[in-house]
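Structure record follows, encoded as C-alpha cells.
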Amino acid sequence: MKLVRVSIALATAAFAGLAGAAEPIKIGFSMALTGALAGAGKGALIAMEIWRDDVNKKGGLLGRQVEFVYYDDATQPAKVPPIYTKLLNVDKVDLVVSSYGTNEIVPAMPIVMRSKMVFPSLFGLAANEEFKYDRYFQIMPAGPEPKLDWSRGFFELAAQQKPKPQTVAIVAADAEFALNAAAGARENAKKMGFKIVYDKTYPPATTDFTPIVRAIQATGPDIVYVGSYPPDSVGMVKAANEVGLKAKMFGGGMVGLQFAAIQKNLGPLLNNVVNYDFWVPEPTLNFPGVKEFLAKYQEAAKGKGVDPLGHYLPPFAYAYMQILGDAVQATKSLDQAKIADYFRKNTHDTVVGKVQFGKNGEWATSRVLMVQFRDVQPDNLEQFAGPGKRVVVYPKAWKSGDPVFPYKQ
Amino acid sequence: MFSADLFANAVVSGLLLGGFYAAVAIGLAIVFGQLDIVNIAHPAFIIAGSYTAYIFNSTFGFDPVLVGVAAMPVFFAVGVAIYRIYYAAFERTGQESLSGLAFFFGLMFIIEVSLILVYGVDYRLVSAGYATGALSIGFVDLPGRMLVPFLVALALTGLIWLYLSRTFMGRAIQAVAQDRGALQLMGADPIRIKQWAFGIGIATAAVAGALLIIIGPVEPSVGRQYIGRAFAIVVLGGMGSIQGMLIAALLLGVVENMVATFYGPSWAPAVSFGILLLTLAFRPAGLFGR
Amino acid sequence: MRGWGFPAACAAVVVAGLAFTELADNPYYFNAAYVILQALIMAVAWNILGGFTGYVNFGSAAFFAVGAYTSIALLKAAAVPLPLLILAAALVCGLIGLGVGYLTLRLKGVYFAIATLAMGIVLETLINNWSYVGGAKGTAILTPDKHLWFDSYSEMLFMVMLLLALGSVAVSRTLSSSRLGRGLAAIRDDEVAAECSGVPTLRLKLVSTTVMGAMMGAAGAPYPYFVSYVDPLSAFNLFIAVNSIAMPMIGGTAHWAGPVVGALLVGSAQEVITVTISSELNVLLVGIMLVLFITLAPQGIVGLVRKHWKKRA
Amino acid sequence: MSALLQVAGLAKRFGGFTALEGIALDVAPGERLGLIGPNGSGKTTLINCISGALYNDEGRIAFEGRDITRLPPFQRARLGIARSFQIPKPFRSLTVLDNLRVPLEYAARTRSAHRRAEDEAMRVLESMGLAARAHQDSAGLTQVDMRKLELARAMAAHPRLLISDEAMAGLSGAEVDEVLEILFKLNAAGITIIMIEHIMQAVMRFSQRVVCLDAGRIICEGTPEQTVANADVQRAYLGA
Amino acid sequence: MALSLEIRGVEAGYGAVRALHGVSLDIRDTETVALLGTNGNGKSTLMKCVMGMVRPTQGSIVLGLDGAQHDLTRLSTEQIVNLGVALVPEGRRLFPKLTVQENLLLGAFRPLARGAIAKNLAFCYEAFPVLQERRRQLAGSMSGGQQQMLAIARALMSAPRLLLVDEPSVGLAPILVSSTVSKIKELKERYGLTVLMAEQNFHQAIRIADRGYIIVHGEIVFDGRSVAELEQNDLVKRYYLGT
C-alpha cells in the first residue's frame, strides 16, 4: 500500500501550487476527451473555454477571474468518482458542472450531492430520475418528461398527416440513449394510436444495415422511428436509400445527423428525413449571441478534429456555463443554495434562447425540435451553415416551414 | 415475416458483408494463420488505412480504393519494420506467445492514440461516386457501398491466393510455419520470408481500411470492433487457408444478416461468436481446416 | 516474508487502512484508491491463470461485468447486503470460470485466448438483451445511506476493496508458494511432464480458472455502488481487459508480487496522469509502457529486481 | 512371482500408420529390462502408452495386477510408474529443488510437512549428485545435469517402475558411466527399470533381459547375449 | 567439373553435449559414401554441420567446387544450398499441409534451380510416377514410402551437385527400404551426383556405396576404403551391437 500513498502524496504535491492561489473562481468538471464520446466532449470543452474567455474579458465573476479545473474521464464511468472527489476535496473548486452524456454524469451525482453543489449538467437523459436531486439542472431541452418529449414531435407530426399513417417501426441501437429514445417512441406511438409492426434493437458495432432496413421494409410500416448513434445513423440513412425504404416518414432519434461532417457526406440522401435537433440556423432560432458564439467556435475548432460547425452541443455547453455565471453574478455569491435558487426561480437568457427549469431540473417545457432536411446538395459543408437546409417543422412556436410528406415519393 | 425476397436479400447482403470481412481478415490469415504471429493490432492498421484513404480523398479527391492500393507499399514497409522488432525482441528469444501478444496490444493503443492526437476523434467519411445508390437485379438490391468493397475484397483475396500458391515466395510463406528448418534446406531464409509475409499482411490493411471507410464512418477506435471477428474468421477458416478464410468470412456475413433479418439484429454477435466458441470447443482445427 | 511476515504485513495494511479512513476525510483518496485496488484485484486474478498457469485470458472484462451485473440483478430483486453481493458475484463468476476451465481440455495458447474473447462478446450480448438488469441502456443503482461506522460510503467501499485486494493477494501468494502453485507452474512449463509427475492437470486448471473467475467477479460486485450507473458498454470496457493483462506483464508474471507491483505502479500512474496531464497521453502511456517493458524487461519489474538481488548475492 | 507390468495385445495407430501391433510384454518386479530397436521402431510410442501420454487403440496394460489401460497419466504416476523424457522437459521456471517437489507432492503423496518434502527432495538430489544445483533455475542446467534432473524428478515420484528414455544420448563415456551407476543404485533399492537406449554397450551392461522392437513389433526377447546373437535383431540393425 | 568435400576434425554438439568428437572424412567427385552406425551416434549431427544447421565448435568443412574452395562452416544454410548441396533430412521434413507438387516446387527455391524447373519436375515425375499421380494430394496424407520418395525428389529439384541423405530407411518396411536405396543409386548415376548417405541399415547401404565410414559415439571408428573391406570386417557387428 506504500505506493498508493506515495502516489497520492505526489498527486497532492503536484496540485499544491494550484490549491494555494485562492484568487480566481475555480470551476471543476470532468470531460470525455478520449474514448467513445471524445468527439462531443472536445467540442463542448472548446465552447466552455470561449465562455470563460468571454467572461474574463469582461472582468470575470464577482470581480474574480474564472479558471477551469478539468480532467479527462476517457469516457469511462469508473474514472468519474475520483475526478469529482478530487475536484471538490483536493482542488477545492468553487463550482462544478457535469461531463457530457448520461454514463459520465450519473457517477458524479452521489458525490456532488454529498457536497450539496449545484450541478448544471450537459446532455444527460433523465439522469436525475432516480436521484431527484434538487440542485441538478439539465441544459438539454428534452423537457419535463425527457423520454417522452424526445419523440413526441415526431409522432405528432405523423398524426397530423393525411391520410394518417397507421403503422410504425421502431429500431434502436443497443445503448443507453437510443434505447431510452425508443422506449419513449413506443409509448408515444401507442398513445397516438399507431400500430407497432417492428420493434427491434441492433448492436452498435453493426457494419451493414441493409438487412435491418429490409426486415423493416418487409413489415410495411408507414413511419420508421430510429434511435441511433453517429456511425449507425449513417449506415441507416444509406441503407434506407439503397433498399428504397417506402416509409412515409423516416428519422426521429438519430444522433449524428446534427454533425457537419456526416451531413456533408450523406448530402442529398438526407433530404426529407425528419430528425430531432436542438438548434439549427433557422431565422426562428436566431437568439441573441448565438451567431457570435458560433463564429468564435468555428474559428477555434479549426484543426482540432471536432465538429467544424458546432451547431449541436457547443451552444448548449456555452449556455450552461452562461446560466451558472449569471447565477453567481446575480446572487453575488458562491453560496450553492442561493445559486440553486436562482437557477430554479428565473428564466435565463442564453445563446440557445430562454431557459426555464422545472421538474427534476429538466427544462420546464420541452424544446425538442423536429427538423426536416431539404434541398441538400452533395458534398458541400457550407450549405449547412445557413438556413433552409434543416427546416424546423415542429413545434409550432419555432416552426420555419411545413413538413414535406411522405418521405419518399 | 419470412419471404423469398427477404431471404434472397439476406443471403446476398450477407455475402457482400462477408466479402468485406474477408478483406479485414486476410492479413490475419497470413500473419496469424500462417506465421503464428498474434497480431491483435491488425484492426488498428486497418484504421490507419482508413485514415490514409480519408486524407487523400478529402484533400485531393482521389478514389479511396486506389489510395488503398497505392498505400500498400508503405504499409508493407511498416510491416517489415515491425516484424524486425518483433523478431529481435520475442521470436529469437522464444518469448513470442505471451509477450508478443502484449506487444501487439500495446502497439494497437499506440496506433489508435497517435491517430487521435493527429486527427482528433471526429467521425471521418469519404465520398466516392459508387458509394451511393444500389444496383437492383430482380428483387435483390446490391448497394454500391457494399458491392464495391465486396468486389475489391474478392479481387484481393484472389490475388493473395494466387500469390501464395503460384509463386516461390508464396509457397515459402505457406511452408515457413510448417517447418522452418526444412525451408532453410530449400535455400530460403525463414526470417526474410516471414518478414516479407508480415509486410504483405499489413499491406492488405491499407486496402481493407479503404473499404471500411467506404462502408461507413470511421474514428480511431472502431477497429476494436473487428478484433474478435477477424480472429474468429481466421480460426473458423482453419488457420492460414485462404479459401477456408473466405468461406468462413462469407458464412459469418450470411449468418449475421440472417439473424439480423429474421430474428433480431441484437443477437447477431452472440450467434456468430457462439459458432466460434462451439467450433473451438469441438473442432479446434476450424470448420475448413485442411 | 516467511512465517508471520506476510500476515503481519496484511494486518498492518488493514490497520493503516482503517486509520486512514478515520484520519483522512478527503473522499478523493478513497475513490482513487478504489480504482487502483479494483485494478489490482483484476491483475492478481488474471495472473493466477495467465502468469502461474500460462493460459491467456482476454475476457477479464466479462468476468468483471458479470460480477457487477450479479449485484445489480440481486439488488433489483431485494435489498441484499454488500457482503452477500460479493459472495454471489464470486460464486457466479467462479462457475463461469469453471466452464472456461473445461475449454483448456482442447484449447491451448492463442486458441484459448480467442475463446475467452468470444465468450466475452457472447456474455455482453446476453446482458445487452436482459432487460431486467437494464439491458443495453444501463441502470442506475443508488448508493445506500448506511455505511457502518465509516464517514461515507466511499470510505466503506474503499475498505471493502482493500480487504478484497488483501484477500486476493493472500490467495495468490499462498497459491504460488504451495503445492498447488508448483503444480500450476509445472503445467505452465510442460503439461505432459506435469501429468507424468502425478499432477492432475485438468483439475488444477479448473481450480485456477475458477479462482480467477471468482476473484474478478468479487472485484466487479461493488462496482454498481461505486459508479451508481452501469451499462454494458462501460462494464465490458476493453480497458479493464487491457489493464488486467498489462499490469501483471509490467510487474512480472512469474511471482505473486508482480501483478501487485504492476497494478500499484500503473494504476497510480494512471490516476496521477488523469488529474495532471489528462489527455490522450493517458491511453498512450499504457501502450508505451507495455511495449517498452515487454521488449526490454520481459520478466517485469519483479524479475528485474530479483535478477539484481541475485547478482549482488 | 507375478509380473509388475503386463502389456497384452497392445496396438497403436496414427492415422493409417501402425506404430505398434500385438505387443505383449511382462516385466517382473525388480527387473532391469532393456528396450532396443532401430530408429522409428516404436520404442517411445510404447512407453508413451505405458505412462499414459498416449492411449493405446487395442490391448490392455496392467500394473500390479490392476488394469490401467484407461487411466490418465497422473494416476499412473501415483500408482508408481515414473518416466524420464528423451528430450529433457524440466519445469523451466522452477528451481531444481522445486522440480522435484512437484512429483514428491503430487505422485509420492508426501503431504506431510513442508520441510519434509524439501528434505526428501534434497536427499534425491544428493543421490544424483545434483545437490549443489538445488537452488539454481532448472533452465540453466548443463545437458548432463538436465538428464540427471530428468531421472531425479522421476525418482522423486517414489516409483515402483522407472522408464528411462534415452537418458544417455549425447553424453560422454564417463558421463554414461555416471548415469548407469545411478540406475544400478536405484535398481538395487528395489525399483524396476525399463531402459530405452541406443548406446548398446550401456544396454548390454545394464540389462538382465533385452526386448528388441522393429517396425512396431517385438522381434526378439532374451538375455543381452542372446539378443545380440539373434539373426532377426542383426537384420533389424544391419539390414538385409 | 570437380567436387570434393573434406571434413577435418569437426567437433560439434548441442549445449554442453558434444555429439561429434573430431570427425574427419573425405568425399570425392561422383562417389557414394555411406556413413554407418546406429542411432544417436552423431550421423545426423554431421549432416547438419555440413548444411550449416549446426555450427562446429572446431574443425573445418571445405567444399571444393570446380576449383574453388568454400568453407562451409562460415556459410549460412541458404548459401550452402545455393552452392548445390542438398539434404534429404531425417524424418523427411515435408511440408505436410502443402501438396506434393507444391513441395516439389519449393525444392527449386534456389535461383539456379528455378530456370530448369520444368525439366527437373518432369524428371522427378518420371523417376517417381507415384508422385505425379498424387501431385495434388497433401504431402502429410501420403504413406511413409511415398513421403520418402517425395523428400528425395524435393531435394533433387534444387539440382544439387552433392546430395546428402540422412537415414532414408527409417520407418519403412524392408521392401521399401530396398527400393528407396536402389532409387538413390539410380538417381545418382543419372544425374552424376555425389552422395553421402547416413544409414543404419548396413547391408542396404553398402549395396550402393563405393565405400563407408562407421561412426560410433561421435567418432569415426572404422574407415572402410571399399565395400569389400566393410563386408569382411567382423568389427561391424561389434560396433553396431556393442558386443
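Chains as they are written, first to last, in this note's numbering: chain Y, 2 to 410; chain W, 91 to 380; chain U, 38 to 350; chain V, 62 to 301; chain R, 645 to 887.
Where a beta carbon is used, it is the ideal one built from N, C-alpha and C, also for glycine.
Just so it is clear, the structure is predicted and the values come from calculations on it, not from any experiment.
If we count Cβ pairs, one from each stretch, closer than 8 Å, do we get three or more for the region 71-89 of chain V versus the region 132-145 of chain V?
no
Taking DSSP's pairing of strands, which residues face tyrosine 137 of chain Y in a bridge?
Taking the first sequence and counting its residues from 1, one reaches residue 137 of chain Y at position 136. Paired residue(s): Y/Phe120.
What would DSSP say about alanine 174 of chain V, mapped onto helix, strand or coil?
Within the fourth sequence, the letter at position 113 stands for residue 174 of chain V. Residue confidence for alanine 174 of chain V is low, a pLDDT of 47 falling below 50, so the modelled location carries little weight; the figure read from the coordinates is stated next. Looking at alanine 174 of chain V - three-state DSSP - the assignment turns out to be coil, as it is neither helix nor strand.
Alpha carbons only, please: which of U/Val137, U/Asp226, U/Arg225, U/Ala251 is nearest the one belonging to leucine 368 of chain W?
Position 278 of the second sequence, counted from the first residue, corresponds to residue 368 of chain W. Closest by alpha carbon: U/Val137.
For serine 802 of chain R, go through chain W and note every residue whose CB falls closer than 8 Å to its CB, in chain order.
Taking the fifth sequence and counting its residues from 1, one reaches residue 802 of chain R at position 158. Neighbours of serine 802 of chain R on chain W, chain order: Met276, Gly277.
Straight-line gap, alanine 22 of chain Y to lysine 59 of chain Y (C-alpha atoms, nearest Å)
One-based indexing of the first sequence puts residue 22 of chain Y at position 21. One-based indexing of the first sequence puts residue 59 of chain Y at position 58. In this prediction, alanine 22 of chain Y scores a pLDDT of 43, lower than 50, which makes its location untrustworthy; the coordinate-derived value is nonetheless stated afterwards. Their Cα atoms are separated by approximately 21 Å.
Per the DSSP calculation, asparagine 276 of chain Y is bridged to which residue(s)?
Position 275 of the first sequence, counted from the first residue, corresponds to residue 276 of chain Y. DSSP output for asparagine 276 of chain Y lists Y/Gly253, Y/Val372 as bridge partner(s).
Is leucine 225 of chain W helix, strand or coil by DSSP?
Taking the first residue of the second sequence as 1, we reach residue 225 of chain W at position 135. It is a strand residue.
The region 746-766 of chain R in contact with the region 791-808 of chain R per 3-pair CB rule at 8 Å:
Judged by Cβ distances under 8 Å, the region 746-766 of chain R makes contact with the region 791-808 of chain R, as three or more pairs qualify.
Per-residue DSSP class, three states only, for threonine 202 of chain Y
The residue labelled residue 202 of chain Y in the question sits at position 201 within the first sequence. The DSSP-derived three-state label of threonine 202 of chain Y is strand.
Using the beta-carbon of each residue, which ones in chain V are nearer than 8 Å to proline 296 of chain U?
Within the third sequence, numbered from 1, the residue matching residue 296 of chain U stands at position 259. Neighbours of proline 296 of chain U on chain V: none; closest Cβ ~16 Å, over 8 Å.
To the nearest angstrom, how far is the alpha carbon of threonine 313 of chain U from that of arginine 391 of chain Y?
In the third sequence, the residue the question calls residue 313 of chain U occupies position 276. In the first sequence, the residue the question calls residue 391 of chain Y occupies position 390. Cα-Cα distance, rounded: 42 Å.
Between aspartate 227 of chain U and chain Y, is any beta-carbon pair separated by less than 9 Å?
Locating residue 227 of chain U in the third sequence gives position 190, where the first residue counts as 1. No, no contact with chain Y.
Give me the residue from R/Ile796, R/Val706, R/Leu738, R/Ala663 with the minimum Cα distance to isoleucine 652 of chain R.
Residue numbering aside, residue 652 of chain R sits at position 8 when the fifth sequence is read from its first letter. First, the amino acid is wrong: residue 652 of chain R is arginine here, not isoleucine. Checking every option, the nearest Cα to that of arginine 652 of chain R belongs to R/Val706.
Residue range of the alpha helix (DSSP H) that glutamate 308 of chain U falls in?
Position 271 of the third sequence, counted from the first residue, corresponds to residue 308 of chain U. Here the alpha helix (DSSP H) through glutamate 308 of chain U covers 294-311.
Alpha helix (DSSP H) runs contained entirely in the region 126-211 of chain U, provided each spans 4 or more residues
146-165
How would you list, in chain order, the residues of chain V whose beta-carbon sits under 7 Å from the beta-carbon of serine 234 of chain U?
Position 197 of the third sequence, counted from the first residue, corresponds to residue 234 of chain U. Result: Ala138, Val163, Pro164, Tyr167, Ala168, Arg214, Ala218.
Measure the C-alpha to C-alpha separation of glycine 235 of chain U and alanine 138 of chain V and round it to an integer number of angstroms.
To locate residue 235 of chain U, count along the third sequence from 1; it is residue 198. To locate residue 138 of chain V, count along the fourth sequence from 1; it is residue 77. When rounded, the distance between both Cα atoms is 5 Å.
C-beta atoms of leucine 66 of chain V and threonine 288 of chain V nearer than 9 Å
Working through the fourth sequence from its first residue, we reach residue 66 of chain V at position 5. Working through the fourth sequence from its first residue, we reach residue 288 of chain V at position 227. It is not a contact, given that the beta carbons lie outside the stated cut-off.
Helix, strand or coil, according to DSSP, for alanine 795 of chain R in the structure here?
Numbered from its first residue, the fifth sequence carries residue 795 of chain R at position 151. Three-state result, alanine 795 of chain R: helix.
Can you pull the DSSP bridge partners for serine 102 of chain V?
Start at 1 with the first residue of the fourth sequence, and residue 102 of chain V comes out as number 41. Serine 102 of chain V pairs with nothing; no bridge assigned.
C-alpha distance - glutamate 166 of chain V paired with threonine 238 of chain U, whole-angstrom precision
On the fourth sequence, position 105 is the one that residue 166 of chain V refers to. On the third sequence, position 201 is the one that residue 238 of chain U refers to. The alpha-carbon atoms of glutamate 166 of chain V and threonine 238 of chain U are separated by roughly 14 Å.
Tell me where the beta strand (DSSP E) around glutamate 68 of chain Y begins and ends.
For the purposes of this step, residue 68 of chain Y is taken as residue 67 along the first sequence, with counting starting at 1. Its beta strand (DSSP E) spans residues 67-73.
Given that a residue counts as buried once 16 or more other Cβ atoms are within 10 Å of its Cβ, and exposed if not, what is serine 168 of chain U?
One-based indexing of the third sequence puts residue 168 of chain U at position 131. Exposed.
How long is the line joining the alpha carbons of leucine 341 of chain U and proline 335 of chain U, rounded to whole angstroms?
Numbered from its first residue, the third sequence carries residue 341 of chain U at position 304. Numbered from its first residue, the third sequence carries residue 335 of chain U at position 298. So the two alpha carbons sit approximately 9 Å from each other.
Rounded to whole angstroms, what's the CA-CA distance from proline 164 of chain V to glutamate 181 of chain V? Just pull it up for me.
Working through the fourth sequence from its first residue, we reach residue 164 of chain V at position 103. Working through the fourth sequence from its first residue, we reach residue 181 of chain V at position 120. Distance between the alpha carbons of proline 164 of chain V and glutamate 181 of chain V: 11 Å.
Is the number of C-beta pairs between the region 275-287 of chain W and the region 725-738 of chain R that are closer than 8 Å three or more?
yes
Quick one: grab the DSSP three-state call for serine 362 of chain W.
Within the second sequence, the letter at position 272 stands for residue 362 of chain W. DSSP places serine 362 of chain W in helix when its eight states are reduced to three.
Consider the Cβ of glycine 104 of chain W: report whether some Cβ of chain Y lies at a distance smaller than 9 Å.
Indexing the second sequence from 1 puts residue 104 of chain W at position 14. Yes, glycine 104 of chain W lies at the interface with chain Y (some Cβ there is under 9 Å from its Cβ).
Out of W/Asp95, W/Ala112, W/Gly104, state which residue places its alpha-carbon closest to the alpha-carbon of glycine 327 of chain W.
Walking along the second sequence from the start, residue 327 of chain W turns up at place 237. The shortest C-alpha separation from glycine 327 of chain W is found at W/Ala112.
Return the chain-ordered list of same chain residues with a C-beta closer than 6 Å to the C-beta of phenylalanine 135 of chain W, the five sequence neighbours on each side being excluded.
By 1-based counting over the second sequence, the position of residue 135 of chain W is 45. For phenylalanine 135 of chain W, where only same-chain residues beyond five positions count, the Cβ hits under 6 Å are Ile292, Ala295.
CB contact below 9 Å: leucine 185 of chain U versus chain Y
In the third sequence, residue 185 of chain U corresponds to position 148, counting from 1. Chain Y, which has no Cβ nearer than 9 Å to the Cβ of leucine 185 of chain U, makes this no.
What three-state label does DSSP hand glutamate 24 of chain Y in the structure shown?
In the first sequence, the residue the question calls residue 24 of chain Y occupies position 23. When DSSP states are grouped into helix, strand and coil, glutamate 24 of chain Y belongs to the coil group.
What alpha helix (DSSP H) runs, 4 residues minimum, are completely inside the region 777-857 of chain R?
788-800, 818-835, 846-852
Round the Cβ separation of phenylalanine 138 of chain Y and serine 116 of chain Y to the nearest angstrom and send it over; I've been treating them as touching at under 8 Å.
By one-based count along the first sequence, residue 138 of chain Y stands at place 137. By one-based count along the first sequence, residue 116 of chain Y stands at place 115. Not a contact, Cβ separation roughly 16 Å.
Neighbour-count burial assignment, leucine 709 of chain R, 16 or more Cβ in a 10 Å radius
As a position in the fifth sequence, residue 709 of chain R is number 65, starting the count at 1. Buried: at least 16 other Cβ atoms inside 10 Å.
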